[in-house]
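**Student:**
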DNA sequence: AATCCCTATTTGTATGATAATTTGGCACAA
DNA sequence: TTGTGCCAAATTATCATACAAATAGGGATT
């Protein structure tokens, strides 16, 4: 059960989007992903949460509904809310992925991500080469141009993300779209993670160009190969970061 | 209760799990996925939904929070709730996928699914061959045995699903787990769709056995090949179903 | 030992009130 | 005319309270 006295109000992190129920969901979600409440465990009931956070039941319930919708919980009358088994979690949900990342060793996380990226992105590039519309090709091209203009550094992350997302969109298969969030998260956080130790940032531009050209020509095979090549480079960059193996904990705000 | 005769009240389908806010979410979710409310559109406000469905605002808000958590909506004060762009939808969420399927032509849906399955499942099988634990291998084996016992027919669907899910679990990469829902949905609905026109149902057993053996031996390459082979067969089965191209509408219960 | 029923607990739904947010228009000034 | 700032209205966000529904678990009865 819940350790300690319930009289103590837990203070909620001030996240950017300031909805109370959202903050609650974030707080509870983080606790679930970090293992405070394991799958199968029964959470404190609604009244408890009210006391813990000092909010109304309405707000608590909306937070719980949010987590339920993401597959983390299931509520039953007289029982309470129970944490669902991991395989039911919508891990590719933006929030869930963020909570997951916060609870994990970055090394492990990037390893999982790269494993999936190497499976999917070459095929996505191949599909894009075959299925892209002219408009989608334009989006890819523009993202690439912006990337080139920005050169290396923090500013190149956004167009880089746009490039990969545009590619994904051009594959024209809705079932792949959830991976956009994973890619976005990967690229953004990877930059933070590797930026201090990125040996040859400009090397990525030609690799991206290779994908763009193959997709432009409609050459699926070449696109696949180029995408894989880029990912292999990314692997090496990650590998060169000294393994701190520490969870990035937010310093006290 | 006041199950009124308000002529304007939309009657809610009686889904298995009978929560009012859940039914509401289902109803609104279906409308979004079927295009009644397109991305960018602003939904009726909470008061409107109350009138439309004859429920309290509490219930409406919980339904909206559910849909928001699945990426379908975003609410803003003074504006209302707006439908998010498709790429933000958690399409691999169980509910969203079901609504999506209900709104689509089955042929198209299965085409998308098979495209993704052919990308992922061979790699999943390969990863499973490398990463499986003994326990996971046992789960796969047991599912296969149950499948063989059940022979063809409706009873073989459940173990078939279990086989593929066990394989997925054995790949030991959390980021792949959302596809379990897709696979489950695909296999289940595929049976409904092809059962009347499935020429050689027993042919699938040896194919599954091929995957099992490869995974047992830890032979990634063979596992990949066997998984792809199974999927190619599935493709053919689908192709042989005469294209009715009709949406399966539930007859009024 | 088995069955039935009752009650206590917890989530589910309803109602009504107030707070917070912010768009869009209006008044006013430059 | 144009810009600027401010107000009001619409809508979601939050709170408080009450009652309904479901059901696990215990207790009474057989």
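Chains as they are written, first to last, in our numbering: chain A, 1340 to 1592; chain B, 1340 to 1592.
Every residue gets a Cβ at the ideal spot worked out from N, C-alpha and C, and that includes glycine.
(1) Could you tell me which chain A residues have their CB closer than 7 angstroms to the CB of residue 1383(B), listed as they occur along the chain?
(2) I'd like the span of the beta strand (DSSP E) that includes residue 1413(B), first residue to last.
(3) Where residue 1545(B) and residue 1514(A) are concerned, what is the direct C-alpha to C-alpha distance, given to the nearest angstrom?
(4) Between the alpha carbons of residue 1363(A) and residue 1386(A), how many angstroms are there, rounded?
(5) From residue 1553(B) to residue 1403(B), what distance separates their C-alpha atoms?
(6) Name the chain A residues that come within less than 8 angstroms of residue 1506(B), Cβ to Cβ?
(7) Residue 1345(A) to residue 1383(A), Cα distance in whole Å?
(8) By the three-class DSSP mapping on this structure, what secondary structure does residue 1393(A) have?
(9) Who are the near neighbours of residue 1567(B) in its chain, counting only those whose CB is closer than 6 angstroms to its CB and skipping five residues on each side?
(10) With distances taken between CB atoms, is the gap from residue 1525(A) to residue 1580(A) smaller than 8 angstroms?
(11) What is the residue span of the alpha helix (DSSP H) that residue 1435(A) lies within?
(12) Quick one: is residue 1469(B) near chain A, going by C-beta distance under 8 angstroms?
(13) Tell me which residues of the segment 1386-1417 of chain B have at least one Cβ-Cβ distance to chain A shorter than 8 angstroms, keeping chain order.
(14) Along chain B, in chain order, which residues have C-beta atoms closer than 7 angstroms to that of residue 1452(A)?
(15) Look up residue 1452(B) in the DSSP assignment and say whether it is helix, strand or coil.
(16) For the segment 1424-1439 of chain B, which residues have a CB atom closer than 9 angstroms to at least one CB atom of chain A, in sequence order?
(17) Residue 1521(B) versus chain A: which residues are under 7 angstroms apart at the beta carbon?
(18) Please list, in chain order, the residues of the segment 1457-1484 of chain A that have any C-beta partner in chain B closer than 8 angstroms.
(19) Grab me the residues of residue 1409(A)'s own chain with a C-beta within less than 8 angstroms of its C-beta, minus the 5 sequence neighbours each way, in chain order.
(20) Could you check the C-alpha separation between residue 1499(A) and residue 1454(A) for me, to the nearest Å?
(21) May I ask which residues mark the beginning and end of the alpha helix (DSSP H) holding residue 1487(B)?
(22) What residues from chain B crowd round residue 1445(A), counting only those whose CB sits closer than 7 angstroms?
(23) Tell me where the beta strand (DSSP E) around residue 1568(B) begins and ends.
(24) Along chain B, which residues have their Cβ under 9 angstroms away from the Cβ of residue 1554(A)?
(25) Which of the three DSSP states, helix, strand or coil, is assigned to residue 1381(A)?
(26) Is the distance from the Cβ of residue 1569(A) to the Cβ of residue 1550(A) below 8 angstroms?
(27) Mind checking the segment 1484-1500 of chain B against chain A and listing, in chain order, the residues whose C-beta falls within less than 8 angstroms of any C-beta there?
(28) I need the boundaries of the beta strand (DSSP E) containing residue 1419(B), first residue and last residue.
(29) Just how far apart, CA to CA, sit residue 1510(B) and residue 1459(B)?
(30) Could you check what DSSP says for residue 1387(A) in three-state terms: helix, strand or coil?
(31) Grab me the residues of residue 1471(B)'s own chain with a C-beta within less than 7 angstroms of its C-beta, minus the 5 sequence neighbours each way, in chain order.
(32) What separation, rounded to the nearest whole angstrom, lies between the Cα atoms of residue 1475(B) and residue 1507(B)?
(33) Would a check of beta-carbon distances place residue 1545(A) closer than 8 angstroms to chain B?
(34) Taking all protein chains shown into account, decide if residue 1365(A) is buried (16 or more other Cβ within 10 angstroms of its Cβ) or exposed.
(35) In terms of residue numbering, what span does the alpha helix (DSSP H) encompassing residue 1529(A) cover?
**Tutor:** In short:
(1) Residue 1383(B) sits at position 44 when you count from the first residue of the second chain. Result: empty, since nearest Cβ-Cβ is about 19 angstroms, beyond 7 angstroms.
(2) Translated into the one-based positions of the second chain, residue 1413(B) becomes position 74. That run of the beta strand (DSSP E) goes 1412-1415.
(3) For this step, residue 1545(B) is matched to residue 206 along the second chain. For this step, residue 1514(A) is matched to residue 175 along the first chain. Going by the C-alpha atoms only, they are around 29 angstroms apart.
(4) By one-based count along the first chain, residue 1363(A) stands at place 24. By one-based count along the first chain, residue 1386(A) stands at place 47. Cα-Cα distance, rounded: 14 angstroms.
(5) The residue labelled residue 1553(B) in the question sits at position 214 within the second chain. The residue labelled residue 1403(B) in the question sits at position 64 within the second chain. Roughly 46 angstroms separates the two Cα atoms.
(6) Taking the second chain and counting its residues from 1, one reaches residue 1506(B) at position 167. Ordered by position in chain A, no residue passes the 8 angstroms Cβ test against residue 1506(B), which lies about 13 angstroms from the chain.
(7) To locate residue 1345(A), count along the first chain from 1; it is residue 6. To locate residue 1383(A), count along the first chain from 1; it is residue 44. Low confidence applies to residue 1345(A): its pLDDT is 40, below 50, so where it sits in the model is not reliable enough to give any reading.
(8) As a first step, residue 1393(A) is located in the first chain; it is residue number 54 there, counting from the start. In the three-state reduction of the DSSP assignment, residue 1393(A) falls in the coil class, being assigned neither a helical nor a strand state.
(9) If you number the second chain from 1, residue 1567(B) lands on position 228. So the list reads 1461, once near-sequence residues are dropped.
(10) Against the first chain, residue 1525(A) aligns to sequence position 186. Against the first chain, residue 1580(A) aligns to sequence position 241. For residue 1525(A) and residue 1580(A), no; Cβs fall outside 8 angstroms.
(11) The residue labelled residue 1435(A) in the question sits at position 96 within the first chain. That run of the alpha helix (DSSP H) goes 1433-1442.
(12) Taking the first residue of the second chain as 1, we reach residue 1469(B) at position 130. It does not; no Cβ of chain A falls within 8 angstroms.
(13) Residues passing the 8 angstroms Cβ filter: 1397, 1400, 1401, 1404, 1405, 1406, 1407, 1408, 1409, 1410.
(14) For the purposes of this step, residue 1452(A) is identified with residue 113 of the first chain, where counting begins at 1. For residue 1452(A), the chain B residues whose C-beta falls within less than 7 angstroms of its own C-beta are 1514, listed in chain order.
(15) The residue given as residue 1452(B) occupies position 113 in the second chain. Secondary structure at residue 1452(B): helix, using DSSP grouped into helix, strand and coil.
(16) Of all residues in the segment 1424-1439 of chain B, only 1425, 1426, 1427, 1428, 1429, 1430, 1431, 1432, 1433, 1434, 1436, 1439 place a beta-carbon less than 9 angstroms from a beta-carbon of chain A.
(17) For the purposes of this step, residue 1521(B) is identified with residue 182 of the second chain, where counting begins at 1. Going along chain A in sequence order, the residues near residue 1521(B) (Cβ under 7 angstroms) are 1514.
(18) With the criterion set as a beta carbon lying under 8 angstroms from some beta carbon of chain B, the members of the segment 1457-1484 of chain A are 1458, 1459, 1462, 1466, in sequence order.
(19) As a working note, residue 1409(A) is residue 70 in the first chain. Closer than 8 angstroms at the Cβ level, and outside the excluded window around residue 1409(A), lie 1368, 1428, 1429, 1432, 1434, 1435.
(20) Working through the first chain from its first residue, we reach residue 1499(A) at position 160. Working through the first chain from its first residue, we reach residue 1454(A) at position 115. When rounded, the distance between both Cα atoms is 19 angstroms.
(21) Along the second chain, read from residue 1 onward, the residue named residue 1487(B) stands at position 148. It spans 1473-1489 - the alpha helix (DSSP H) in which residue 1487(B) sits, taken as one unbroken run.
(22) As a first step, residue 1445(A) is located in the first chain; it is residue number 106 there, counting from the start. What residue 1445(A) touches in chain B: nothing, since even the nearest Cβ is about 14 angstroms away.
(23) Here residue 1568(B) refers to the residue found at position 229 when the second chain is read from its first residue. If you look at residue 1568(B), you'll find it isn't in any beta strand (DSSP E); it sits in the alpha helix (DSSP H) that goes 1559-1579.
(24) Here residue 1554(A) corresponds to residue number 215 of the first chain, with the count starting at 1. Correct list: empty, because the minimum Cβ distance to chain B is about 17 angstroms.
(25) Stepping through the first chain from its first residue, residue 1381(A) is reached at position 42. Residue 1381(A) carries a strand assignment under DSSP once its states are collapsed to helix, strand and coil.
(26) The residue given as residue 1569(A) occupies position 230 in the first chain. The residue given as residue 1550(A) occupies position 211 in the first chain. When the beta-carbon positions are compared, residue 1569(A) and residue 1550(A) come within less than 8 angstroms of each other.
(27) Against chain A - using a Cβ distance shorter than 8 angstroms - the segment 1484-1500 of chain B contributes no residues.
(28) Counting from one through the second chain, the residue named residue 1419(B) turns up at place 80. Where residue 1419(B) is concerned, the enclosing beta strand (DSSP E) stretches over 1419-1422.
(29) As a working note, residue 1510(B) is residue 171 in the second chain. As a working note, residue 1459(B) is residue 120 in the second chain. The alpha-carbon atoms of residue 1510(B) and residue 1459(B) are separated by roughly 11 angstroms.
(30) Locating residue 1387(A) in the first chain gives position 48, counting from the first residue. The three-state reading of DSSP puts residue 1387(A) in helix, counting H, G and I together.
(31) Here residue 1471(B) refers to the residue found at position 132 of the second chain. Within the same chain, residue 1471(B) has close Cβ partners 1509, 1554.
(32) The count along the second chain starts at 1 and reaches residue 1475(B) at position 136. The count along the second chain starts at 1 and reaches residue 1507(B) at position 168. Counting only the Cα atoms, residue 1507(B) lies some 10 angstroms from residue 1475(B).
(33) As a position in the first chain, residue 1545(A) is number 206, starting the count at 1. Closer than 8 angstroms: no.
(34) Your numbering for residue 1365(A) matches position 26 in the first chain. Residue 1365(A) should be labelled buried.
(35) Locating residue 1529(A) in the first chain gives position 190, where the first residue counts as 1. The continuous alpha helix (DSSP H) containing residue 1529(A) extends over residues 1518-1533.
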